[in-house]
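Asker: Could you have a look at this structure, given as structure tokens, before my questions?
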């Protein structure tokens with residue numbers, strides 16, 4: 001029984017001896033980002049809980065003292081990033097318009113400060129929206145840095161509050177690798193505030209954050225070099241997709257350096273001077289230097305769990321600093337929960353929203369079985385070209401689902417026949433041979449970030465390839481290809497795959513769907 | 001022999017051909033009359049300035065190439081040309097500089113080894129898309145054949161050269 005209202009005597013939450021105690025709040029949330037705001041609002045508005053949330057003062061570049069309602073997504077992630085993606089997409093449109101006969105001038109210039117002012121205004125507006133949402137839901141908003149004193153007490157800048165339940169939703173932050181001179185480099189926070197379009201930019205990292213920024217500035221006309229430590233882009237994505245997009249990125253002008261790691265960053269009058277090592281065939285290193293206006297370090301993010309008092313209370317964390325939680329977002333301490341990036345599950349806003357919502361239903365809505373579901377979570381990478389994925393990669397699918405049928409198609413959109421765009425798109429469907437279920441869908445091309453949503457609904461409902469094929473396409477479109485892929489491109493045998501990858505096929509590897 | 005692949009230097013050509021031969025067809029270098037010691041001295045000075053080579057008595061060092069001399073020294077070379085793109089502020093470039101000189105000595109007349117300072121010759125550096133330095137490029141018959149980035153060991157450069165050297 002998870003009845004957790006502080007005024008009733010209950011057997012849930014903090015134990016029998018706290019049953020009679022009056023707490024200031026039913027719930028105290030640390031962090032008013034995606035997960036924290038959703039959880040707080042829902043708990044208060046839908047389930048009548050008395051809720052407080054604390055959040056750092058608003059600012060664009062985050063730190064131990066700066067944050068703001070809306071969190072990473074609204075202020076330093078998804079939203080400003082997508083606005084930049086839109087701003088940077090126009091030159092390509094202008095170029096292609098000439099193919100269609102428009103007399104668009106050869107050179108177009110962006111008034112970057114004008115765009116940045118509008119971007120900042122939009123973020124301030126959204127920050128205000130988040131504050132109003134919390135206020136309208138009856139949530140007490142406390143500005144300041146929250147720290148746990150004990151499992152029912154939070155200190156915010158010297159003032160203490162007690163709560164029956166505490167929810168930690170402080171998110172994560174960009175982390176710079178320990179390179180000499182890293183202080184001269186930007187992280188995603190800073191580059192989202194950059195004052196002018198750089199002529200030369202070095203981006204370090206192979207993940208979607210690194211590549212999205214690399215493509216944004218490449219599209220804006222910067223000379224962009226990407227330094228990647230490994231030998232591929234977008235680790236964790238389907239390998240065939242990774243190879244396809246890497247080629248498209250380079251065709252678009254991105255220069256990707258594999259086996260390359262920066263070792264030193266120096267500041268110069270013009271920008272930065274970077275020394276890096278490049279892996280050679282013999283397994284050695286060849287150092288080189290390169291100058292740029294800026295260098296962006298986008299090699300990883302870590303949960304924001306330092307100096308919250310978690311260690312002294314004994315909240316379990318993993319070696320990355322992520323708070324360990326169970327399927328109900330509970331930590332090892334009965335009154336303490338955690339949602340969002342701080343738990344390092346799937347670090348996407350819609351997932352944090354789901355985790356926050358389920359937390360509210362479970363803890364305050366008496367839905368004992370309410371918990372987040374992580375299957376078939378679709379996501380998009382807003383590089384040029386865009387990528388969208390839902391479900392499993394081929395590598396995951398062969399281990400979890402056994403034999404597979406793979407359907408792929410490379411296409412050049414109809415628009416390109418007139419515009420002259422040389423870019424290609426790619427569609428990949430992964431079907432489990434025994435059930436005919438679509439277990440993985442991966443798209444590369446224009447607008448796939450929008451196209452994928454419909455497919456993800458079908459996948460969540462367990463759509464089969466036969467059902468897909470029975471669906472009539474929308475014509476003319478790129479998306480219709482998805483329902484017209486009749487011929488299997490290739491089959492994957494689980495037994496052969498395991499032989500090649502030297503793993504035993506065990507019962508545990510049977511499909512987890 | 002002081003007559004390098006750079007014998008077609010424009011300044012030189014105009015000094016020695018247009019005044020001496022009435023016909024408009026260009027005369028091959030071996031046929032041009034070099035009638036005076038003064039003119040020979042001038043010619044040697046121009047070639048020396050262009051290619052910065054030592055006398056044939058000592059070991060051959062890598063020469064210098066600039067935006068102005070690139071076409072003559074690299075693209076019009078009869079033998080493969082190794083170009084080391086470097087800059088004074090580049091630490092790893094200092095590691096590879098002596099290797100280029102060694103290769104110049106090792107391969108003798110089979111190649112031309114040249115160094116290009118990208119700060120002083122940004123035109124060629126940009127034209128060939130030089131961003132990371134040192135970058136070593138190998139040219140044959142006026143075409144870029146290979147690119148090696150970074151302060152690689154001498155053996156890597158030798159492997160590259162051996163693909164194109166006769």
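Residue numbers (this note's numbering), protein chains in the order written: chain A, 1 to 513; chain B, 1 to 166.
Heads up, the beta-carbon is just placed ideally off N, CA and C, and yes, glycines get one too.
This one's a predicted model, so the numbers in the text were calculated from it and none came from an experiment.
So with Cβ pairs under 8 angstroms, would you call residue 210/A a contact of chain B?
Answerer: Residue 210/A does not count as touching chain B.
Asker: Counting only C-beta atoms, is residue 330/A closer than 8 angstroms to chain B at any point?
Answerer: So, not an interface residue.
Asker: From residue 484/A to residue 372/A, what does the alpha carbon distance come to, in whole angstroms?
Answerer: Going from the Cα of residue 484/A to the Cα of residue 372/A covers about 33 angstroms.
Asker: Does any C-beta atom of chain B lie closer than 8 angstroms to the C-beta of residue 250/A?
Answerer: No, no contact with chain B.
Asker: Alpha carbon to alpha carbon, how far is residue 290/A from residue 274/A? Give it in angstroms, no decimals.
Answerer: Near 5 angstroms, if we compare the C-alpha coordinates of residue 290/A and residue 274/A.
Asker: Flag this pair as touching only if the stretch 448-455 of chain A and the stretch 380-389 of chain A have three or more C-beta atom pairs under 8 angstroms; answer yes or no.
Answerer: The stretch 448-455 of chain A, when compared against the stretch 380-389 of chain A, does touch it at the 8 angstroms Cβ threshold.
Asker: Hey, is residue 94/B's beta-carbon within less than 8 angstroms of any beta-carbon in chain A?
Answerer: For residue 94/B, the answer is no, since every Cβ of chain A falls outside 8 angstroms of its Cβ.
Asker: Output the distance between the C-alpha atoms of residue 286/A and residue 199/A, rounded to the nearest integer angstrom.
Answerer: Roughly 26 angstroms between the two C-alpha positions.
Asker: What are the partner residues of residue 67/B, as DSSP defines its beta bridges?
Answerer: According to DSSP, which records beta bridges pairwise, residue 67/B is partnered with nothing at all.
Asker: Which class does residue 372/A belong to by DSSP, given the choice of helix, strand or coil?
Answerer: Coil.
Asker: Is there contact between the stretch 373-380 of chain A and the stretch 225-239 of chain A, where contact requires at least three CB pairs shorter than 8 angstroms?
Answerer: With the cut-off at 8 angstroms, the stretch 373-380 of chain A and the stretch 225-239 of chain A do not touch.
Asker: Classify residue 277/A: buried if its beta carbon has 16 or more other beta carbons within 10 angstroms, exposed otherwise.
Answerer: With 16 or more other Cβ atoms within 10 Å, it is buried.
Asker: Is residue 102/A buried or exposed, if buried means 16 or more other CB atoms sit within 10 Å of its CB?
Answerer: Under this definition residue 102/A is an exposed residue.
Asker: The alpha helix (DSSP H) spanning residue 157/B covers which residue range?
Answerer: Residue 157/B -> alpha helix (DSSP H) spans 154-162.
Asker: Please tell me whether residue 288/A has its Cβ less than 8 angstroms away from any Cβ of chain B.
Answerer: It does; some Cβ of chain B falls within 8 angstroms.
Asker: Along the chain, where does the alpha helix (DSSP H) that runs through residue 397/A open and close?
Answerer: First-last of the alpha helix (DSSP H) with residue 397/A: 394-401.
Asker: Taking its Cβ as the centre, do 16 or more other Cβ atoms sit within 10 Å of residue 97/A, making it buried, or is it exposed?
Answerer: Label assigned to residue 97/A: exposed.
Asker: For residue 66/A, which residues of its own chain have a beta-carbon under 7 angstroms away from its beta-carbon, when the five flanking residues on both sides are left out?
Answerer: Excluding positions up to five away in sequence, the list reads 56, 57 and 59.
Asker: For the stretch 486-494 of chain A against the stretch 418-426 of chain A, do three or more pairs of beta-carbon atoms, one drawn from each stretch, fall closer than 8 angstroms, so that the two count as touching?
Answerer: No contact exists between the stretch 486-494 of chain A and the stretch 418-426 of chain A.
Asker: Going by CA-CA distance only, name the one from 356/A, 271/A and 222/A that's closest to residue 46/A.
Answerer: Of the listed residues, the one whose Cα sits closest to residue 46/A is 356/A.
Asker: If residue 139/A and residue 148/A are in contact, beta carbons under 8 angstroms, what's the gap, nearest whole angstrom?
Answerer: That belief does not hold up - the Cβ atoms of residue 139/A and residue 148/A are roughly 19 angstroms apart, past 8 angstroms.
Asker: In this structure, does DSSP put residue 159/A in helix, strand or coil?
Answerer: The answer is strand: DSSP assigns residue 159/A an E or B state.
Asker: Within 8 angstroms of any Cβ in chain A, is that where the Cβ of residue 98/B sits?
Answerer: So, not an interface residue.
Asker: According to DSSP, which residues form a beta bridge with residue 93/B?
Answerer: Note: residue 93/B sits in no beta bridge, so no partner.
Asker: Quick one: does residue 280/A have its CB under 8 angstroms from some CB of chain B?
Answerer: Yes, because at least one Cβ of chain B sits closer than 8 angstroms to the Cβ of residue 280/A.
Asker: Any beta-carbon of chain B closer than 8 angstroms to the one on residue 255/A?
Answerer: Closer than 8 angstroms: yes.
Asker: Shortest alpha-carbon distance to residue 413/A belongs to which of 44/A, 407/A and 421/A?
Answerer: Of 44/A, 407/A and 421/A, the residue nearest in Cα terms is 421/A.
Asker: So does the stretch 106-118 of chain B actually touch the stretch 140-150 of chain B, counting three or more Cβ pairs closer than 8 angstroms?
Answerer: The answer is no - the stretch 140-150 of chain B does not touch the stretch 106-118 of chain B, with fewer than three Cβ pairs under 8 angstroms.
Asker: Taking Cβ-Cβ distances shorter than 9 angstroms, what residues in chain B pair up with residue 293/A?
Answerer: Ordered by position in chain B, no residue passes the 9 angstroms Cβ test against residue 293/A, which lies about 13 angstroms from the chain.
Asker: With distances taken from CA atoms, which of 330/A, 432/A and 206/A is nearest residue 493/A?
Answerer: Comparing Cα positions, the closest option is 432/A.
Asker: Could you compute how far the alpha carbon of residue 327/A sits from the alpha carbon of residue 350/A?
Answerer: Between residue 327/A and residue 350/A, the C-alpha separation is close to 17 angstroms.
Asker: Looking at chain B, which residues of the stretch 214-239 of chain A have a Cβ within less than 8 angstroms of any of its Cβ atoms?
Answerer: If the cut-off is 8 angstroms between Cβ atoms, the stretch 214-239 of chain A has 223 and 225 near chain B.
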